[in-house]
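This report concerns only the one structure given below.
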């Protein structure tokens with residue numbers, strides 16, 4: 007039994023260890039000052055920040071409605087929101103081109119407005135938001151569902167309005183679930199590759215995010231590709247630790263013990 | 008918890024078994040060679056050898072994969088420099104030049120943006136794509152533009168693609184207004200794109216070279232495969248696809 011656990015763990019960790027074992031840490035760090043790396047890092051952070059802001063701003067009220075209102079087709083809506091979660095990124099890329107591309111469903115409308123999204127930074131943001139938002143929304147739905155409706159009712163009876171109840175009662179109770187969902191969403195968005203390379207393509211400083219730069223550098227300079235991979239391992243690891251801390255903080259009222267709590 | 012560990016171990020075990028099975032079945036039968044080939048050869052190579060297993064992509068990406076030890080038997084590159092680099096590192100046999108190509112600019116069918124000629128690509132507001140430097144077609148594109156005195160277009164490109172097929176796709180999808188590809192890539196999509204010819208004096212020498220990968224377990228078969236590219240039937244198929252005779 008322990009042997010199996012050791013094999014599984016070794017299998018999962020070996021590629022990550024290999025990234026750091028191949029080249030000395032000093033050399034890896036030295037690679038990080040290259041323009042191709044700094045450009046990609048800045049672009050990744052910028053597009054992620056915009057995408058995640060959109061995800062939280064739109065996703066939070068959407069998740070609240072899905073969690074608290076009963077309307078026909080609600081379960082279907084919850085399933086549909088999660089669909090991009092299981093969609094292969096290449097399919098997302100094709101879908102985004104078919105929808106927002108110049109010859110796509112909305113292409114004519116966007117063209118008339120003088121907007122073209124394909125091959126631009128906006129395309130990166132759309133791709134990242136598309137693949138990462140379900141991670142936030144499904145977790146947010148679960149977090150809102152776990153809020154005791156009696157507390158909400160009490161707040162309303164005591165005279166607090168809907169908005170005040172939401173911001174002072176519901177949000178604080180759901181915040182750890184929301185934070186966990188956002189951490190997952192951010193991690194998934196930061197790693198986004200397939201949909202981005204198809205829909206936004208790869209231009210240094212404009213659309214070339216870290217994963218795309220890793221792919222690009224693989225053909226040119228393996229050491230630089232390793233260095234960027236190491237950087238993303240560190241960032242992802244930090245996110246994971248932050249996530250665990252968020253979830254275990256204040257053990258009095260866990261909103262969602264597991265990352266993938268079923269959203270009923 | 009125990010169940011999860013079991014499941015993980017099971018998955019690992021299954022993967023190991025399937026890898027082992029794949030290994031044995033491969034060793035017994037006549038070799039189906041794994042060919043790493045330039046993206047521009049996507050249509051023609053399976054016509055020459057339908058039994059090959061192909062991985063098409065930017066030649067520089069494929070060369071990097073061979074350097075990292077991916078199990079290719081043959082490398083067919085859209086330039087001569089990459090196979091020669093690998094040859095000097097002792098990774099592949101002496102490269103054999105087997106065909107040639109030329110560059111064209113592709114634009115939307117019927118030229119809705121009234122570009123007219125390659126020089127018309129200087130028009131402001133056009134969205135031009137090309138392959139990245141290091142990708143053979145990207146290097147050729149830079150050479151052509153330098154000879155035409157239009158190197159400023161390189162900085163204006165809205166995308167630097169990883170292989171020639173990606174460049175073509177951006178134009179056929181309408182995402183870009185123009186892109187630089189090989190004449191053979193444009194041929195099968197003649198109904199979707201229009202061509203802007205590039206004058207002979209500006210054309211780079213586009214030579215394709217192939218070599219057998221020395222680490223191949225089927226080295227003899229791989230060498231024979233490379234030589235077969237020079238045979239009459241193979242050359243006829245290359246010519247039919249629009250590839251050019253090797254210049255002397």
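Residue numbers (my numbering), protein chains in the order written: chain A, 7 to 270; chain B, 8 to 255.
Backbone N, C-alpha and C fix where the C-beta goes; we use that ideal spot for every residue, glycine too.
Hey, out of the options, whose CA is closest to residue i's CA?
i, options, result
"residue 197(A)", "43(A), 28(A), 220(A)", "220(A)"
"residue 28(A)", "229(A), 247(A), 83(A)", "229(A)"
"residue 223(B)", "78(B), 52(B), 59(B)", "78(B)"
"residue 205(B)", "51(B), 248(B), 231(B), 149(B)", "149(B)"
"residue 257(B)", "47(B), 234(B), 239(B), 229(B)", "Residue 257(B) lies beyond the range of chain B shown here (8 to 255); nothing can be said about it."
"residue 193(B)", "76(B), 241(B), 80(B), 111(B)", "111(B)"
"residue 101(B)", "244(B), 221(B), 113(B)", "221(B)"
"residue 87(B)", "73(B), 107(B), 174(B)", "107(B)"
"residue 69(B)", "154(B), 98(B), 251(B), 231(B)", "98(B)"
"residue 47(A)", "250(A), 249(A), 218(A)", "218(A)"
"residue 188(A)", "86(A), 243(A), 65(A)", "65(A)"
"residue 204(A)", "38(A), 123(A), 11(A)", "123(A)"
"residue 136(A)", "96(A), 38(A), 182(A), 31(A)", "96(A)"
"residue 186(A)", "233(A), 246(A), 173(A), 88(A)", "246(A)"
"residue 44(A)", "164(A), 216(A), 133(A)", "216(A)"
Would you call the CB atoms of residue i and residue j closer than 8 Å?
i, j, result
"residue 190(B)", "residue 144(B)", "no"
"residue 115(B)", "residue 171(B)", "no"
"residue 175(A)", "residue 161(A)", "yes"
"residue 71(B)", "residue 224(A)", "yes"
"residue 108(A)", "residue 182(B)", "yes"
"residue 147(A)", "residue 84(A)", "yes"
"residue 150(A)", "residue 68(A)", "no"
"residue 151(B)", "residue 211(B)", "yes"
"residue 103(A)", "residue 110(A)", "yes"
"residue 91(A)", "residue 141(A)", "yes"
"residue 206(A)", "residue 125(A)", "yes"
"residue 252(A)", "residue 182(A)", "yes"
Please classify residue i: does DSSP put it in a helix, a strand, or coil?
i, result
"residue 7(A)", "coil"
"residue 187(A)", "helix"
"residue 45(B)", "strand"
"residue 32(B)", "Note on residue 32(B): pLDDT 44, under 50, position unreliable in the model; the coordinate value appears next. DSSP places residue 32(B) in helix when its eight states are reduced to three."
"residue 168(B)", "strand"
"residue 246(B)", "helix"
"residue 86(B)", "coil"
"residue 114(B)", "strand"
"residue 7(B)", "Outside the modelled stretch of chain B, which goes from 8 to 255, sits residue 7(B), for which no answer is possible."
"residue 154(A)", "coil"
"residue 50(B)", "coil"
"residue 270(B)", "No answer is possible for residue 270(B): it lies beyond the span of chain B, which begins at 8 and ends at 255."
"residue 105(B)", "strand"
"residue 205(B)", "coil"
"residue 138(B)", "strand"
"residue 26(A)", "helix"
"residue 238(B)", "coil"
"residue 233(B)", "helix"
"residue 208(A)", "coil"
Tell me, to the nearest whole angstrom, how far the beta carbon of residue i is from that of residue j; I am working on the premise that it is less than 8 Å.
i, j, result
"residue 122(B)", "residue 186(B)", "That belief does not hold up - the Cβ atoms of residue 122(B) and residue 186(B) are roughly 12 Å apart, past 8 Å."
"residue 83(B)", "residue 42(B)", "6 Å"
"residue 130(A)", "residue 53(A)", "5 Å"
"residue 222(A)", "residue 208(A)", "6 Å"
"residue 64(B)", "residue 46(B)", "6 Å"
"residue 51(B)", "residue 244(B)", "6 Å"
"residue 226(A)", "residue 141(B)", "5 Å"
Residues of chain A with a CB under 9 Å from the CB of residue i: which are they?
i, result
"residue 92(B)", "Per Cβ cutoff of 9 Å: no residues; residue 92(B) is ~13 Å from chain A at best."
"residue 177(B)", "124, 125, 207"
"residue 75(B)", "224, 228"
Applying a beta-carbon distance threshold of less than 8 Å, which residues of chain B neighbour residue i?
i, result
"residue 209(A)", "164, 165, 166, 167"
"residue 103(A)", "180, 182"
"residue 108(A)", "180, 181, 182"
Residue i versus chain A: which residues are under 8 Å apart at the beta carbon?
i, result
"residue 134(B)", "122, 125"
"residue 67(B)", "225, 226"
"residue 85(B)", "Neighbours of residue 85(B) on chain A: none; closest Cβ ~13 Å, over 8 Å."
"residue 71(B)", "224, 225, 226, 228"
What does residue i touch in chain B if you count any residue whose Cβ is under 9 Å from its own?
i, result
"residue 132(A)", "Within 9 Å Cβ-Cβ: nothing; residue 132(A) doesn't reach chain B, min ~14 Å."
Just the chain A side, please: which residues come within less than 7 Å of residue i by C-beta, in chain order?
i, result
"residue 141(B)", "225, 226"
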